[in-house]
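In what follows, a structure is listed as structure tokens, so that the remarks can point back to it.
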Ligand code: F6P
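Residue numbers (the working numbering): 1 to 517.
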């Protein structure tokens with residue numbers, strides 16, 4: 001860090017626009033990169049070539065290339081749970097399964113076949129009783145929800161494909177609307193839960209199963225309940241027919257699992273060819289990530305620049321702004337990917353992190369958010385780095401709209417960096433300080449393949465940052481305490497008993513709820 005601190009001292013005096021001017025073609029070559037359909041421009045960072053070189057050295061000093069090789073090879077990089085993290089294997093073509101992972105490769109291939117059989121059968125023939133499949137309810141939360149949601153918002157489906165509805169939070173209103181509006185005969189329920197113990201998912205699942213049974217009888221109902229889980233036996237015990245359970249495995253983290261049968265609803269709606277193209281996109285990024293040198297490695301550069309902004313310059317958050325409403329779920333998806341992975345303050349060896357880890361990830365869709373929170377990005381007291389994401393070729397014929405959209409993206413990124421010159425006597429309220437960093441990503445078009453490339457980029461960025469911070473990106477112990485406490489509070493709410501060890505605030509809030517219920 002001391003080397004980086006000296007670069008920090010120098011660069012805090014610098015202006016991004018001057019760095020771009022003076023950096024010339026070399027800055028362009030070092031800070032602009034293409035991987036297949038994805039182009040990235042990091043040149044609006046408060047960073048120069050020597051600073052970037054020092055960051056690349058930092059990556060080597062933290063043995064990042066070796067950690068990447070270990071992850072791909074299936075080593076137990078998730079040390080606190082003593083597991084590998086093999087999401088990359090889910091998208092590896094048959095010929096490129098690493099030695100020692102053939103068992104896992106076979107399990108993946110078998111599950112993909114099973115999923116593909118069900119997708120084709122249900123879409124072509126409907127249910128065994130002859131009813132068509134028109135609706136899918138995806139019941140799941142966190143990684144069992146956010147990935148499929150992102151994919152289905154982003155990618156178009158053929159007209160005759162089933163509509164997918166999501167039940168994630170344990171919200172009775174959403175559940176009530178679905179059981180009131182949908183025809184059970186034409187509805188498939190898929191319970192997506194790696195652990196098959198998530199309260200939200202099981203509560204929804206119980207009510208939906210009862211709904212199907214009460215409307216269709218037990219036998220017809222059973223053909224409409226599917227599960228995706230790493231605990232196949234628990235799903236079967238819950239009442240799902242075994243051939244309707246699609247396995248996932250301990251070695252894929254929930255937030256890294258959209259490449260697996262967790263995307264069953266996605267495959268039902270988009271079809272297997274699109275799902276395969278998504279995997280191919282992820283694999284394209286994997287191949288680049290595992291083979292390119294640090295200096296020319298897109299996820300590594302993205303990670304190093306994020307690390308620079310967060311841990312060296314001290315910026316607290318990262319704002320993600322896709323200029324395409326089809327990517328509106330991306331900031332939510334990235335919140336879990338980045339904050340559940342790297343929201344840690346203890347290092348792999350158990351010692352405390354000295355400094356900071358993940359920034360707050362937030363965002364929204366451009367141009368809407370320009371008319372909401374961009375004021376604060378331009379003139380607020382916090383400097384917030386922004387990831388701008390644009391799509392070069394739209395899927396509509398309104399070229400004037402698209403040019404206006406991309407012009408806004410270009411303008412915002414430039415304005416944040418450039419600001420306005422400080423002029424004596426000028427109105428200070430109208431002054432834009434500038435010097436606010438951003439990155440720009442372009443996808444040639446929004447396709448299953450290009451989206452796969454983009455998602456894999458962020459996954460790998462997160463992993464590299466976890467190496468720099470010395471933390472484990474693949475566990476999430478921090479979510480456990482609140483979950484446990486909610487279980488005991490549920491019975492207190494029902495029975496009116498005070499929870500053992502409840503604090504005065506909780507007791508008073510329970511009393512409030514009960515007095516007004
Ligand atoms: O929020 C905690 C978490 O464990 C996530 O990591 C996970 O994606 C989500 O809950 C859902 O878990 P499951 O798929 O096991 O129901």
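Glycine included, each C-beta is placed from N, C-alpha and C at the ideal position.
For the pair residue 17 and residue 417, the CB atoms are nearer than the 8 Å cut-off. Residue 484 counts as exposed, since fewer than 16 other beta carbons sit within 10 angstroms of its beta carbon. Between residue 139 and residue 208, the C-beta spacing is below 8 Å. Take the alpha-carbon of residue 69 and the one of residue 289: they are about 10 Å apart. Nearest C-alpha to residue 413 among 398, 436, 432, 427: 436. Residue 43 sits in coil when the DSSP states are folded into three classes, being neither helix nor strand. Under DSSP, residue 389 shares a beta bridge with 322, 441. Only exposed fits residue 498, as fewer than 16 other CB atoms lie within 10 angstroms of its CB.
The C-alpha of residue 401 is placed about 27 Å away from the C-alpha of residue 420.
Within the same chain, 71, 74, 75, 76, 77, 78, 251 come within 8 Å of residue 84 by CB-CB distance, once the 5 residues on both sides are set aside. Taking the Cα positions, residue 339 is about 31 Å away from residue 508.
The secondary-structure analysis by DSSP pairs residue 363 across a beta bridge with 320. Only buried fits residue 30, as 16 or more other CB atoms lie within 10 angstroms of its CB. Judged by DSSP in its simplified three-state form, residue 13 adopts coil rather than helix or strand. A heavy atom of the ligand F6P is found nearer than 7 Å to the CB of residue 193. Residue 481 counts as exposed, since fewer than 16 other beta carbons sit within 10 angstroms of its beta carbon. Around the C-beta of residue 297, 16 or more other C-beta atoms lie within 10 Å, and the residue is accordingly described as buried. Between residue 341 and residue 473, the CB-CB gap stays under 8 Å. Taken atom to atom, the span from the alpha-carbon of residue 407 to that of residue 359 is near 28 Å. Bounds of any alpha helix (DSSP H) do not take in residue 32; it lies within the beta strand (DSSP E) bounded by 32 to 35. Contact annotation: the region 303 to 318 does not touch the region 484 to 493, with fewer than three C-beta pairs closer than 8 Å. Taking a C-beta distance under 8 Å as the contact criterion, residue 95 and residue 257 do not qualify as a contact pair. Approximately 11 Å separates the beta-carbon atoms of residue 136 and residue 192; this is outside 8 Å, ruling out the contact. Membership of residue 165 in any alpha helix (DSSP H) is not indicated; the residue belongs instead to the beta strand (DSSP E) covering 163 to 167. Distance from the Cα of residue 494 is smallest, within the candidate group 511, 478, 442, 503, for 511.
With a cut-off of 8 Å on Cβ pairs, the region 268 to 280 is not in contact with the region 208 to 224, counting fewer than three such pairs. Counting only runs of 3 or more residues that sit fully inside the region 413 to 463, the beta strand (DSSP E) segments are 438 to 445, in chain order. Scanning its chain for C-beta atoms nearer than 6 Å, with the 5 sequence neighbours on each side dropped, one finds around residue 39 the residues 442, in chain order. Contact annotation: residue 42 and residue 301 have beta-carbon atoms nearer than 8 Å.
For residue 187, the secondary structure class from DSSP, reduced to helix, strand or coil, is strand. Pairing residue 506 with residue 309, the inter-Cα distance amounts to about 38 Å. Annotated as proximal: residue 312 and residue 8, with beta-carbon spacing under 8 Å.
Note on geometry: alpha-carbon atoms of residue 347 and residue 516 lie some 45 Å from one another.
With respect to the 8 Å criterion, residue 205 and residue 238 are classified as neighbours on the basis of their beta carbons.
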